[in-house]
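Structure first, commentary second.
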Amino acid sequence: YSSEGNIIKWMKESLDFVIQCMDLKTNLKHKANKLLPFNFEEKIKKLDQIASRSFISLQSECKINFEQRNARNLQRVLDAMRTMDDSLFLQKLKSFMEKKASCGIAEEPNIPSNLWTYSEAKGIFNSCFEIMAQEIIKEGIINETTTKPNDVKRDQFFQNLKKKLDFMRQISQWKTHVENVDKFEQCSKQLESEINDIIKAVERIADWTPPDCTRINYCYKCFLSMQKQSILPAIAKSQIETIKLTVKRRITQLEKSVLDNLVPKNLIPCLVAMKTMS
1 YSSEGNIIKW
11 MKESLDFVIQ
21 CMDLKTNLKH
31 KANKLLPFNF
41 EEKIKKLDQI
51 ASRSFISLQS
61 ECKINFEQRN
71 ARNLQRVLDA
81 MRTMDDSLFL
91 QKLKSFMEKK
101 ASCGIAEEPN
111 IPSNLWTYSE
121 AKGIFNSCFE
131 IMAQEIIKEG
141 IINETTTKPN
151 DVKRDQFFQN
161 LKKKLDFMRQ
171 ISQWKTHVEN
181 VDKFEQCSKQ
191 LESEINDIIK
201 AVERIADWTP
211 PDCTRINYCY
221 KCFLSMQKQS
231 ILPAIAKSQI
241 ETIKLTVKRR
251 ITQLEKSVLD
261 NLVPKNLIPC
271 LVAMKTMS
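Following our numbering, the numbering of the sequence shown begins with 1 at its first residue and continues without gaps.
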């Protein structure tokens, strides 16, 4: 037995004893008071409180660890709940709660009658996992945060994206708890597809208007942030080089246009365009 297994075994045996005592109380009524431990009902209520609050605590830990992207602690909570289900400990605890009611021990206020099961925890966890993946895809790489002249917010966005992707990568390895272990791979491929579409759009630019140049600049900064945070680093590096080459070709074209026709009517627009791209 592991340490955790030994604890659950001990708790099961303790519950078996308590249930036997409650059966005795039910069968012998008031006569059982002489045989039962002192303050038996109060001790049962205390045990009920501890058990219920333990499950509330597990539920809270599950939520907090997901929100904080703490994969290690989240896995520990889910493993513990699964172990309790597999060991029939949960059924034993439910039996204890039913016996408590049948032997006339009143319910305590603010104590939930239903225990949070592993099945419920797994369902909520996978739902949150799916929502996170959808949000990452919906936000994408180029969005309102990353296409504004605020480098700090842009870096913060990609820092958070890095944490989410690392978290998804870790939990995608939990074949026991995760219903779709391919979710991280699917999400990454979706981001790769968006990046490829961005570069294709950059390469198709013909007029190179000021808004076009601004968008290219933001795309370039996004890829720099991705490379800095090691988000799809090989792809980010490749797209940085692609943008550099695309801009270089455009500047070469403008320089040639200036040299071919050194008149103000042609010179000024070319110089303005080169300034916009710098």
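Idealized CB from N, CA, C, for every residue including glycine. The model shown is predicted, which means the values in this text are computed figures rather than measured ones.
* Just checking, does the region 121 to 137 make contact with the region 198 to 217 on the three C-beta pairs under 8 Å criterion? -> No contact exists between the region 121 to 137 and the region 198 to 217.
* Asked: From what residue to what residue does the alpha helix (DSSP H) around E77 run?
  -> The residue asked about is misnamed: residue 77 is Val in this sequence, not Glu. Its alpha helix (DSSP H) spans residues A71 to D86.
* Have a look at L232 and L245 and give me their C-alpha separation to the nearest angstrom. => 20 Å
* D86 versus Y118, L191 and K248, residue with shortest Cα-Cα distance -> Y118
* Count the other CB atoms, across all protein chains shown, that sit within 10 Å of the CB of V181; report buried if there are 16 or more and exposed otherwise. => exposed
* Locate the alpha helix (DSSP H) running through I199, then write down its first and last residues. => K183 to R204 is the span of the alpha helix (DSSP H), which, as asked, contains I199.
* For the putative contact between R154 and S230, defined by C-beta atoms under 8 Å, what is the C-beta separation to the nearest angstrom? -> R154 to S230, Cβ: 16 Å. No contact.
* To do: Could you check what DSSP says for E179 in three-state terms: helix, strand or coil?
  => Correct three-state label for E179: coil.
* Unbroken alpha helix (DSSP H) run spanning C103, endpoints -> Note, C103: premise wrong, no alpha helix (DSSP H); not H, not E.
* R69 vs F167 beta-carbon contact at 8 Å -> yes
* Where does L36 fall in DSSP's three states? -> coil
* Give the C-beta separation of V18 and L47 to the nearest angstrom, bearing in mind that I take them to be a contact with Cβ-Cβ under 8 Å. => 7 Å
* Measure the alpha-carbon distance for A184 versus R169 and round it to whole angstroms. => Sequence inspection shows Phe at residue 184; the Ala mentioned does not correspond to that position. C-alpha separation (whole angstroms): 6 Å.
* To do: State yes or no: is the C-beta of F223 within less than 8 Å of the C-beta of A234?
  => no
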